[in-house]
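Below is one structure; the comments refer to it alone.
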Amino acid sequence: MKATAHIEVSEKGVIAETILLPGDPLRAKFIADTFLKDVVQFNGVRNMFGYTGTYKGKKISVMGTGMGMASIGIYSYELIHTYGCKNLIRIGSAGSFQENIKLYDIVIGMSASTDSNFASQYNLPGTYAPTASYELFNRALESAKKLNYKVTAGNILSSDIFYNDEIDSWKKWQKMGVMCVEMEAAALYMNAARAGVNALCILTISDSLVTHEVTSSKERQTAFTKMMEIALEL
């Protein structure tokens, strides 16, 4: 096999079938350093670090995906179609839309609404609803319960826009019960659905559009460990 344009692996088996996908490559490094044993770095192209190791004796990989649906769309496609990944679990940060969803709360995306045009490539005769894999979703709930971590599950928003010219546009999503906003899950769910593999998005609330509270970049990189543990237990 040949390496892809974005991942420098040229042999099978280096990347595990189950892979955790934080947006931040430094979060990938933190996970590898903190939780995995016998770690090997498999990617450094564009400083998008990827690692394979073991967790409780099971082989698992972790790799950064960058920001936005275009970026995770590229990496998840290559991981699925070239490297044979079957379970892709995004672990990221999100901004809360709801007053009852606070900083550091864990949110699992059952579905991902989006303002992106990513689904246009499929030429569907309607509006597609990007949805998590039930198998991974159910196991994540069981994992959280086992760890005694409270989680909230429901609809999230995957947005192409970070700095929106219409400042209060998020309130329209809030009215529809959307829990929070991030920038990648919808593309991951669509790529996985099209390929017939499993995908899930687990998020930690890093800021609130309701209260205007925020966490630091260092906290987002290293302090969001509960969602990491839930994902690793899958």
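Every position in the sequence shown, counted from 1, becomes a number in my numbering once 942 is added. Where is the CB? At the ideal position from N, CA and C, for every residue including glycine. Predicted, not measured: the structure shown is a model, and the values here were computed from it.
Measuring straight from C-alpha to C-alpha, what distance separates L902 and T976?
Given that the chain is displayed from residue 943 to residue 1176, the structure contains no residue 902 and the question cannot be resolved.
Ignore the nearest five residues each way along the sequence and tell me which others in E1171's own chain have a CB closer than 7 Å to its CB.
What you label residue 1171 is simply residue 229 of the sequence shown in a count that begins at 1. So the qualifying residues of the chain are L1089.
How big is the Cα-Cα spacing for A945 and E1124?
Here residue 945 refers to the residue found at position 3 when the sequence shown is read from its first residue. Here residue 1124 refers to the residue found at position 182 when the sequence shown is read from its first residue. C-alpha separation (whole angstroms): 29 Å.
Shortest alpha-carbon distance to I1048 belongs to which of A1082, T1146, L1176 and K971?
Along the sequence shown, read from residue 1 onward, the residue named residue 1048 stands at position 106. Of A1082, T1146, L1176 and K971, the residue nearest in Cα terms is T1146.
At the level of alpha carbons, what is the spacing between L1030 and F1104?
Taking the first residue of the sequence shown as position 1, residue 1030 is located at position 88. Taking the first residue of the sequence shown as position 1, residue 1104 is located at position 162. Cα to Cα, the separation comes out at about 24 Å.
Assign Q1040 to one of three DSSP states: helix, strand, or coil.
As a working mapping, residue 1040 is identified with position 98 in the sequence shown. Three-state DSSP puts Q1040 in coil, outside helix and strand.
In the structure shown, what three-state DSSP assignment does I1098 receive?
Sequence index remark: in the sequence shown, residue 1098 carries index 156 (1-based). In the structure shown, the three-state DSSP call for I1098 is strand.
If we ignore side chains and look at the alpha-carbon of each, how far apart do L962 and G1068 end up?
The count along the sequence shown starts at 1 and reaches residue 962 at position 20. The count along the sequence shown starts at 1 and reaches residue 1068 at position 126. Taking the Cα positions, L962 is about 31 Å away from G1068.
Pop quiz: T1094 and I1043 are said to be a contact at Cβ under 8 Å. What is the actual Cβ separation, rounded to whole angstroms?
On the sequence shown, residue 1094 is found 152 positions in, with the first residue counted as 1. On the sequence shown, residue 1043 is found 101 positions in, with the first residue counted as 1. Between the beta-carbon of T1094 and that of I1043 there is about 6 Å, and that keeps the pair under the 8 Å contact cut.
Please give me, in chain order, every unbroken run of the alpha helix (DSSP H) with length at least 4 that falls completely inside the segment 986–1049.
Within the segment 986–1049, the complete alpha helix (DSSP H) runs of at least 4 residues are 1011–1023.
What are the start and end residues of the alpha helix (DSSP H) that includes L1083?
Residue mapping note: residue 1083 aligns to position 141 of the sequence shown, counting from 1. Going by DSSP, L1083 is part of the alpha helix (DSSP H) stretching over Y1076 to L1089.
Distance CB(V1004)-CB(Y1017) smaller than 8 Å:
Counting from 1 along the sequence shown, the entry for residue 1004 is found at position 62. Counting from 1 along the sequence shown, the entry for residue 1017 is found at position 75. In this structure, the beta-carbon distance from V1004 to Y1017 does not fall below 8 Å.
What residues match up with L962 in a beta bridge as DSSP calls it?
In the sequence shown, the residue the question calls residue 962 occupies position 20. Beta bridge pairing from DSSP links L962 with V1004 and I1031.
Confirm, please, whether the CB-CB distance from C1027 to A1233 is below 8 Å.
Only positions 943 to 1176 of the chain appear in the structure, and residue 1233 is not among them; the question remains open.
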